[in-house]
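In our numbering, the protein residues as written are 113 to 179. We put the beta carbon where it would ideally sit given N, CA and C, even for glycine. Keep in mind that this is a model prediction, so the values were computed, not measured. A quick write-up on the structure given underneath.
Below, the structure is given as structure tokens:
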């Protein structure tokens, strides 16, 4: 149950949001283009980051670039 301790976990790395143009979902409420985010967990497709609402959420990697 890793999701219960995400806020206390160490940051894996930092990524920068490059765009919020989503085809299916509304991400501009949770992400800001140009802002740097802490990655708490990573899978093949997703980064789990602390978003603008202060919650840990999963987003496709194509919204970000490594710093």
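1. Alpha carbons only, please: which of 173, 143 and 124 is nearest the one belonging to residue 156?
2. Starting from residue 156, trace the beta strand (DSSP E) both ways and give me its first and last residue.
3. Closer than 8 Å, CB to CB, is residue 178 near chain B or not?
4. Provide the residue span of the beta strand (DSSP E) that contains residue 169, from first to last.
5. Helix, strand or coil, according to DSSP, for residue 148 in the structure here?
Checking against the coordinates, here is how it stands:
1. 173
2. Here residue 156 belongs to no beta strand (DSSP E), and DSSP marks it neither H nor E.
3. No chain B appears in the structure shown, which is made up of a single protein chain.
4. 168-172
5. strand
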